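Chemist: Going down the list, the protein sequences come from chains X and W. Per my numbering, the very first residue in the first sequence carries number 67; after that it's consecutive. Per my numbering, the very first residue in the second sequence carries number 67; after that it's consecutive. For each residue, glycine too, the CB sits at the ideal point set by N, CA and C. Every value quoted in this text rests on a predicted model; they were computed, and no experiment measured them.
There are 2 protein chains.
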Amino acid sequence: MKLNKNADTKILIVGLGLLGGSYAKALKKKGYTVWAIEKKQESVDFALAHGIADRASTAVEPQWIREANLTVFALYPHVFLKWVEENAALFPAGALLTDVTGVKSAVVSRIQALLPQGVEYVAAHPMAGREVGGVENSDDAIFHGANFIVVPTEANTHGGVETCKELGRELGFGHISVLTPQKHDEMIAFLSQLTHCIAVSLMCAGDDRGLVDYTGDSFRDLTRIARIQEDMWSELFLLNKEALLCQIEKFRQSFDALVDAIAREDTETMKEMMRLSTARRALFDRKGDTK
Amino acid sequence: MKLNKNADTKILIVGLGLLGGSYAKALKKKGYTVWAIEKKQESVDFALAHGIADRASTAVEPQWIREANLTVFALYPHVFLKWVEENAALFPAGALLTDVTGVKSAVVSRIQALLPQGVEYVAAHPMAGREVGGVENSDDAIFHGANFIVVPTEANTHGGVETCKELGRELGFGHISVLTPQKHDEMIAFLSQLTHCIAVSLMCAGDDRGLVDYTGDSFRDLTRIARIQEDMWSELFLLNKEALLCQIEKFRQSFDALVDAIAREDTETMKEMMRLSTARRALFDRKGDTK
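(1) Considering only residues of the same chain and omitting the five flanking positions on each side of residue 243(X), which have a CB-CB separation below 6 Å?
(2) How far does the alpha helix (DSSP H) with residue 213(X) in it reach, from first residue to last?
(3) Which residue comes first and which comes last in the beta strand (DSSP E) that contains residue 99(X)?
(4) Using 10 angstroms around the beta-carbon of residue 85(X), count the other beta-carbons present and answer buried if the total reaches 16, otherwise exposed.
(5) Can you pull the chain X residues whose beta carbon is under 9 Å from the beta carbon of residue 262(W), in chain order?
(6) Taking only heavy atoms of the ligand NAP into account, decide whether any of them is closer than 7 Å to the Cβ of residue 127(X).
(7) Rounding to the nearest angstrom, what Cα-Cα distance links residue 354(W) and residue 286(X) in this structure?
(8) Which same chain residues end up closer than 6 Å to residue 170(W) when comparing Cβ atoms and leaving out the 5 residues on each side of it in sequence?
(9) Identify the residues that DSSP records as bridge partners of residue 192(X): which are they?
(10) If we cut at 8 Å on Cβ distances, does residue 361(W) have a partner in chain X?
(11) If you compare alpha carbons, which of 158(W), 142(W) and 154(W) is closest to residue 165(W)?
(12) Under the three-state reduction of DSSP, which class applies to residue 357(W): helix, strand or coil?
(13) Can you tell me which of 75(W), 161(W) and 98(W) puts its alpha carbon nearest to the alpha carbon of residue 183(W)?
(14) Would you check if the distance between the CB atom of residue 82(X) and the CB atom of residue 75(X) is smaller than 8 Å?
(15) If we require 3 or more residues per run, which beta strand (DSSP E) segments fall completely within the segment 208 to 277 of chain X?
(16) Tell whether a beta-carbon distance below 8 Å holds between residue 296(X) and residue 341(W).
(17) Considering residue 325(W), what are the terminal residues of the alpha helix (DSSP H) in which it resides?
(18) What runs of the beta strand (DSSP E), each 3 residues or longer, lie entirely inside the segment 125 to 212 of chain W?
(19) Thinking C-beta only, is residue 289(X) closer than 8 Å to residue 213(W)?
(20) Does chain W have any CB closer than 8 Å to the CB of residue 312(X)?
(21) In three-state terms, what does DSSP make of residue 122(X)?
(22) Could you compute how far the alpha carbon of residue 357(W) sits from the alpha carbon of residue 175(W)?
(23) Give a yes or no on whether the minimum CB-CB distance between residue 241(W) and chain X is below 8 Å.
(24) Which value, in whole angstroms, describes the spacing of the CA atoms of residue 131(W) and residue 108(W)?
(25) Throw me the rounded Cβ distance for the residue 118(X) and residue 150(X) pair, which I believe falls under 8 Å.
(26) Between 318(X), 172(X), 126(X) and 350(X), which has its C-alpha nearest residue 156(X)'s C-alpha?
(27) Once you ignore the five residues that flank residue 223(X) on each side, which residues in its own chain have a CB closer than 8 Å to its CB?
(28) Got a sec? Which residues, its chain only, sit under 7 Å from residue 128(X) by beta carbon, not counting five neighbours each side?
(29) If you drop the 5 nearest sequence neighbours on each side, which residues of the same chain put their C-beta closer than 8 Å to that of residue 315(X)?
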């Protein structure tokens, strides 16, 4: 299917947290009809009071599921799996599903196996977030210029993948790419999970309350993501455990090499690593990134 | 001495790089007379052309040194030491000196020992910077709301320390504190040097050029400081080697504990560390810090 950009296209969002709410806001602005299913009554009330969704309900509304042109799951992985287990039969043939889940190998094929014949699920991962959760903190500006990764399997159709990419563009993402679940999980282990492990470890390593009076921006930057939702992140870490441990090992080797150079006062190795890091980091620059 | 806030107060800056230039800009705005000694002709030309200093010279001007009410050194540590070795005799009794050097134990007592009787040097460390160097990138806005640390020794007078704190306030710093050289170096090893080690190691660990298309803000944040001036930072690391290795060890223990919990699928330990990091990081929050 193609996303027809008008109010006749109904997008159902399951899970109105930070990401679900931000999707809803972005899609409403584009003129789509947005429905939401969310188990917390206060999130439903908030979404309706603030016009974030056209309709919202704590109940699993069979009619919305049948009528939706696209359903987006924005749930914790285990909740997503359980929801689909219980409700897969409600989707009609031709339905298209996607998600925002942060790990893929452990989720995608299991979800696909649960769905009825003719129901297509194309996995996706919006690389955007905030340190605060909940629909009340949702903000579609977090997508602007950010990366959106579509993660198809062999079970997916060209049309399904294209619609998913179009969704990324409609949401305002700056760059859309396509990765296999395995490659996605490697990437995410390095770029996101390892960095969260480092930030948490840094905060846990120093317990001096005075630090805040002496800190510069470096430490603030490295620990911004140390404010972390422990239920979600411990689940994501374990669902991607092998890939994460592998990336941790790569980081450890690199860190050990630098520490060893410091201990041996091997200035040339230190400088070589700094030159490499400077050159590589320059590729990541974007406007406003250098301060 | 007190800083008289008018053009009769002459502040001499030795070294017109990013920090020296930013000091000059901030102090000129406050109405002080700013002179600068800088060995690079193009930096002198730039400073004069842009009104960053009232006078600037590549020569060590004995008269400026004699007349300055305050001299600020913004040089690499070894250059600072060499400069003072060669020119200490030019300072008259009653002169007040300060600096911006990022390590203290290895520098402060050596500088103090080189100075003539009656010449006071109060060490300071402005916790602000940019990933780009040079007077052409100087910007006094980097000081706004940042931390300024005065690092006196027993050789310093109450008056000298107070003037140095006043300088921090005049530059626009948000918080002024006082630490011993040893405590400063521990702090800086943890907050600044360790974080730079981590950022460099992270960039060196992954060589996939495609990363930039998949990254989220976490990785960008953790590696902003991976653009690093290798000459300055390798010097700073080695001058603070013992303290740095000690903080590295603390980080490693914390990181190992988290990695071990992941490997053992010990969710409770993972969550406990995440809750601790979240609570501690909350203390660092400032307006605009949570995104």
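Modeler: By the coordinates alone:
(1) 215
(2) Premise fails: residue 213(X) lies in the beta strand (DSSP E), 213 to 217, not in any alpha helix (DSSP H).
(3) Boundaries of the beta strand (DSSP E) around residue 99(X): 99 to 103.
(4) So residue 85(X) ends up on the buried side.
(5) 284 and 340
(6) Absent from the structure shown: the ligand NAP. Ligands present: none.
(7) Note that residue 354(W) scores a pLDDT of 46, beneath 50, so its modelled location is shaky; the value from the coordinates is reported in the next line. Distance between the alpha carbons of residue 354(W) and residue 286(X): 12 Å.
(8) 189, 217, 247, 250 and 251
(9) Under DSSP, residue 192(X) forms a beta bridge with 214(X).
(10) Limits of chain W in this structure are 67 at one end and 357 at the other, which puts residue 361(W) out of reach.
(11) The candidate whose alpha carbon is nearest that of residue 165(W) is 142(W).
(12) In this prediction, residue 357(W) scores a pLDDT of 43, lower than 50, which makes its location untrustworthy; the coordinate-derived value is nonetheless stated afterwards. Coil at residue 357(W), not helix or strand.
(13) 161(W)
(14) no
(15) 213 to 217 and 241 to 244
(16) Against a cut-off of 8 Å, the Cβ pair of residue 341(W) and residue 296(X) comes out as a contact.
(17) 307 to 329
(18) 136 to 139, 162 to 165 and 186 to 193
(19) no
(20) Taking Cβ atoms only, chain W never reaches closer than 8 Å to residue 312(X), which makes this a no.
(21) strand
(22) In this predicted model, residue 357(W) has a pLDDT of only 43, less than 50, meaning its place in the structure is not dependable enough to derive any value.
(23) yes
(24) 22 Å
(25) Between residue 150(X) and residue 118(X) the Cβ distance is about 24 Å, and since that is not below 8 Å, they are no contact.
(26) For the residues 318(X), 172(X), 126(X) and 350(X), the minimum Cα distance to residue 156(X) belongs to 126(X).
(27) 186
(28) Closer than 7 Å at the Cβ level, and outside the excluded window around residue 128(X), lie 156.
(29) none
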